[in-house]
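Colleague:
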Amino acid sequence: MHAGMELAAAWALAPRLRVRPRDEAAEREALEGIAAWACRFTPRVSLEPPQGVLVEIEGSLRLFHGLAPLIGRMRSGLEEMGFSTTLAAAPTARGAWWLAIAGNEELITDPALLETALAALPISAGCSDQHALDLLRSIGVTTIEGLLALPREGVGRRLGRGLLDDLERALGAAPEPRTMFAPPARFVAKLELHGEVEHAEGVLFAARRLLVQLEGLLAARQAGVRRFLLVLLHHAARPSVVEVGLASPGRELERFMQLLREKLSMTVLVEPVEAIRIEAADFEPLHGYTAGLFRDARIEGEGWARLIERLQARLGGGAVHAIGLQPEHRPERAWRVLGAGEQPPRGEACTGARPLWLIDPPRRLKEAGGVPHDGGRLELLAGPERIESGWWDSGEVARDYFIARAPSSALLWIFRERGGSWYLHGLFA
Amino acid sequence: MKTSLADILAQHSVWRGGAFVRPAVPALPTGFAVLDRELPGGGWPSGALTEILGLREGVGELQLVLPALVTLSTSGRRVVWLAPPHLPYAPALAAAGVDLVQLSVVRAPGRRDALWAAEQVLRAGNCDALLAWFRDIRYAELRRLAVAAEASRAFCALFRPSEAAREPSPACLRIALEPMHGGLAARILKRRGALAAAPVLLPVKRPVHAVGGPALSVTRARSLVARPCLA
């Protein structure tokens, strides 16, 4: 079976063949995804639709310690994204493209060797026009070498100037201006799953492919994200959205994966997943930094931020917080929850005795004979401290606070409302 | 080769009854000289599990660790409170001298979540004290936490109900707290060294000075309540 075959003939050969319409938009999207990812290696990336990406790597060789390590990194990255690829390198963009089209995974660095390498390629690598191909084959030209042997004027007259131009560009005899791909400022990538996935773990594996792309794009833009969305597309149900938040802008794949794993472990799939989409926007500048020689406070802080975001990913955004003072007389408002990275207001420490444990909301105490009881009669040791405040907002309080001793000899912070009921508000632990 | 007895005793593999095992990581002074004298290394063990067993919440368990918290937080080291049973009250902590910037509170509703979070905090290795509250925890889980604690350099205190004293535990230090004479007595149930004989009476700060003195009568309290005063 080969490309260009009649559908009926293909079915005759393989009756179980499943046919899908070609989705050119998806092809283009995949190509742009690869291009965006490739921008992490060099800023000079251009598209060769429908299936090629050209990357100028000469300027990046030193950074990536040579051609072979760079190609190795590209290959493993492309594999991680789930693409099967042919990688070829040559001194000219078109030359490399022709090698790749012909399936020759050659890495040619010496311009002197380029012509021999290209000459051996079949004619179909350099010419996509079917009419010209037929003509060339009919006169016995099957390789580029044959094409090079033909007189130029004749080729130009019969097959068009375009073929000759391409040939000159491939050989480096003519310059080839290309439009460069600009990495977009937001990321949306979709992946159709091979079958319906019923477990969140399976989604994680697929998501990795897209996150590799996201990492590449962010590296190219020298940016990081604070959050990204994983959208799970189902057959019938509405798409479910998993939001992953980061404590500080980041772009490392492993960090994304770790957080997503925690999130997905808490997610119950409403229906099998058919496709996934990853969206990220609001890129923030994030520059790479060099590691310090000694224990670095910045790296230390980074590790702390990672820990917090890992805890928040599983336990919920509000599960990790700091506490700070607030200048207020009402005990329940004299403190507040601080978000991550928030600087606490400088409140003054209160003068009265305050318990280390605050019971929130205050627990109503039983009363017998005008005396508060909590597992027995409470003995008042100190007080009262009157706190009467907040008439301007809805939380008005009028209380008299006492320190009381329970029969178990624990010290309690209790108060009596103006109405007369007793409440337990804290423990002197 | 001649080896003297002193050489053998200097090795960590030989332990003499009655002597403390010298911990590999320096201990963190508790702030109570009487207690420090009873603890191997002279303080809270770092990189090991400590259990603090209290009859109930509010027995004085926070007073016990408060001086260490003040030392840690004012020297810029991080303290995590995991699954506290009540709100750690910021004004009281600040009044005691704790630098609130260094405190983080982690809420974990389920036991599994709390265990997971404790392990994460210990394994991350950038937190210097973990205070965790567990109502029920199995031996295997404690063992897991103990291993995680050994991998860290943190002072790791687990607060558990006093019934847990009957269960075996892999913690290297276990202290039971009980009120005594209006103060706080710490009974060392387990330490790396000889058994401790008598409970240690801790001079904790209490909000009322005359704890042993006569209590306010409710009638007097009432008259006070009735008296208008400025808020």
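Residue numbers (the numbering used here), protein chains in the order written: chain A, 1 to 429; chain B, 430 to 660.
For each residue, glycine too, the CB sits at the ideal point set by N, CA and C.
The structure displayed is predicted, hence computed values, not measured ones.
Here's the rule: buried if 16 or more other CB atoms are within 10 angstroms of the residue's CB, otherwise exposed. What is leucine 107 (chain A)?
Modeller: Label assigned to leucine 107 (chain A): exposed.
Colleague: Cα-Cα, which of B:Leu457, B:Arg567 and B:Ala561 is closest to leucine 501 (chain B)?
Modeller: It is B:Leu457 whose Cα lies nearest to the Cα of leucine 501 (chain B).
Colleague: Would you kindly check if the distance between the Cβ of alanine 36 (chain A) and the Cβ of leucine 47 (chain A) is under 7 Å?
Modeller: The answer is no: Cβ separation not under 7 Å.
Colleague: Can you name, in chain order, every residue of its own chain whose Cβ lies under 6 Å from the Cβ of leucine 159 (chain A), other than the five neighbours on each side?
Modeller: Once the five neighbours on either side are set aside, the close Cβ partners of leucine 159 (chain A) are Ala132.
Colleague: With distances taken Cα to Cα, identify the nearest neighbour of alanine 275 (chain A) among A:Met180, A:Glu396, A:Ala25 and A:Glu198.
Modeller: Nearest C-alpha to alanine 275 (chain A): A:Glu198.
Colleague: In the DSSP assignment, the beta strand (DSSP E) including methionine 609 (chain B) goes from what residue to what residue?
Modeller: Unbroken beta strand (DSSP E) run through methionine 609 (chain B): 602–609.
Colleague: So which residues of chain B does histidine 321 (chain A) contact, with C-beta pairs closer than 9 Å?
Modeller: Within chain B, the residues near histidine 321 (chain A) are Ser533, Val534, Val535 and Arg536.
Colleague: Does any residue of chain A bring its CB to less than 7 Å from the CB of leucine 434 (chain B)?
Modeller: It does not: the Cβ of leucine 434 (chain B) has no partner Cβ on chain A nearer than 7 Å.
Colleague: Give a yes or no on whether 7 Å exceeds the smallest Cβ distance from alanine 614 (chain B) to chain A.
Modeller: Answer no: the Cβ-Cβ gap between alanine 614 (chain B) and chain A never drops below 7 Å.
Colleague: Classify valine 19 (chain A) as buried or exposed, calling it buried when 16 or more other Cβ atoms lie within 10 Å of its own Cβ.
Modeller: With fewer than 16 Cβ atoms within 10 Å of its Cβ, valine 19 (chain A) is classed as exposed.
Colleague: Rounded to whole angstroms, what is the Cα-Cα separation between alanine 404 (chain A) and glutamate 570 (chain B)?
Modeller: Each residue's alpha carbon lies about 38 Å from the other.
Colleague: Could you tell me whether any Cβ in chain B is nearer than 7 Å to the Cβ of tryptophan 357 (chain A)?
Modeller: Yes, tryptophan 357 (chain A) lies at the interface with chain B (some Cβ there is under 7 Å from its Cβ).
Colleague: Using alpha carbons as the reference points, say which of A:Pro50, A:Ala38, A:Leu99 and A:Trp392 lies closest to leucine 217 (chain A).
Modeller: When each option's Cα is compared against that of leucine 217 (chain A), the closest is A:Ala38.
Colleague: Three-state secondary structure (DSSP) at glycine 202 (chain A)?
Modeller: Reduced to three states, the DSSP call for glycine 202 (chain A) is helix.
Colleague: Among the residues of its own chain, which have a CB less than 6 Å from the CB of proline 355 (chain A), if the five just before and after it don't count?
Modeller: Excluding residues within five positions, the ones whose Cβ falls inside 6 Å are Trp413, Gly426, Leu427 and Phe428.
Colleague: Quick one: any contact between the segment 96–103 of chain A and the segment 79–88 of chain A, if contact means 3 or more CB pairs under 8 Å?
Modeller: Short answer: they touch.
Colleague: Between the alpha carbons of arginine 649 (chain B) and alanine 615 (chain B), how many angstroms are there, rounded?
Modeller: Bear in mind that the predicted position of arginine 649 (chain B) carries a pLDDT of just 46, short of 50, making it unreliable; the figure below should be weighed with that in mind. Going from the Cα of arginine 649 (chain B) to the Cα of alanine 615 (chain B) covers about 35 Å.
Colleague: To test your reading of the DSSP string, which unbroken beta strand (DSSP E) runs of 3 or more residues are found completely within the segment 242–283 of chain A?
Modeller: Counting only runs of 3 or more, we get 273–280.
Colleague: Glycine 487 (chain B) CB to nearest chain A CB: under 7 Å?
Modeller: Chain A contact via Cβ: present.
Colleague: For glycine 303 (chain A), which residues in chain B fall below 7 Å Cβ to Cβ?
Modeller: Going along chain B in sequence order, the residues near glycine 303 (chain A) (Cβ under 7 Å) are Ala553 and Asn555.
Colleague: What does a CB cutoff of less than 6 Å around leucine 559 (chain B) pick up in its chain, not counting 5 residues either side in sequence?
Modeller: Val509, Val550, Ala583 and Cys585, listed in sequence order.
Colleague: Are the segment 488–506 of chain B and the segment 525–532 of chain B touching, with three or more C-beta to C-beta distances below 8 Å?
Modeller: Judged by Cβ distances under 8 Å, the segment 488–506 of chain B makes contact with the segment 525–532 of chain B, as three or more pairs qualify.
Colleague: Please say whether valine 244 (chain A) and proline 260 (chain A) have beta carbons closer to each other than 7 Å?
Modeller: First, the residue type needs correcting, since residue 260 (chain A) is leucine and not proline in the sequence shown. Yes, these two residues count as a Cβ contact at 7 Å.
Colleague: For a contact defined as C-beta to C-beta under 9 Å, what are the partners of valine 397 (chain B) on chain A?
Modeller: Look at the range of chain B in this structure, 430 to 660, and you will see that residue 397 (chain B) is not part of it.
Colleague: Roughly how many angstroms lie between the CA atoms of proline 362 (chain A) and alanine 319 (chain A), to the nearest whole one?
Modeller: Whole-angstrom Cα-Cα distance: 22 Å.
Colleague: Chain A partners of glutamate 490 (chain B), CB-CB under 7 Å?
Modeller: Going along chain A in sequence order, the residues near glutamate 490 (chain B) (Cβ under 7 Å) are Ala429.
Colleague: Rounded C-beta distance between arginine 94 (chain A) and arginine 169 (chain A)? I'm assuming under 8 Å.
Modeller: About 5 Å; that satisfies the 8 Å criterion.
Colleague: Can you pull the chain B neighbours of arginine 354 (chain A), defined as C-beta to C-beta under 7 Å?
Modeller: The contacting residues are Tyr518, Pro520, Ala521 and Ala524.
Colleague: For leucine 325 (chain A), would you say it is in contact with chain B, using Cβ-to-Cβ distances shorter than 7 Å as the test?
Modeller: By this cut-off, leucine 325 (chain A) is an interface position.
Colleague: Which same chain residues end up closer than 8 Å to arginine 208 (chain A) when comparing Cβ atoms and leaving out the 5 residues on each side of it in sequence?
Modeller: If we look at arginine 208 (chain A) and ignore the five residues flanking it on each side, its Cβ neighbours are Glu80, Leu253 and Met257.
Colleague: Can you check whether the CB of glutamate 271 (chain A) is closer than 7 Å to the CB of alanine 237 (chain A)?
Modeller: In contact: alanine 237 (chain A) and glutamate 271 (chain A) (Cβ atoms closer than 7 Å).
Colleague: Roughly how many whole angstroms lie between the Cα atoms of leucine 380 (chain A) and alanine 368 (chain A)?
Modeller: Taking the straight line from one Cα to the other gives about 14 Å.
Colleague: Between alanine 334 (chain A) and chain B, is there a C-beta pair that is closer than 7 Å?
Modeller: Judged by the 7 Å Cβ criterion, alanine 334 (chain A) is in contact with chain B.
Colleague: How about alanine 100 (chain A): is its C-beta nearer than 7 Å to some C-beta of chain B?
Modeller: No, because no Cβ of chain B sits closer than 7 Å to the Cβ of alanine 100 (chain A).
Colleague: At a Cβ threshold of 7 Å, is proline 608 (chain B) touching chain A?
Modeller: Yes, contact with chain A.
Colleague: Assuming threonine 86 (chain A) is part of the alpha helix (DSSP H), what are its boundary residues?
Modeller: First-last for threonine 86 (chain A): undefined, no H or E at that position.
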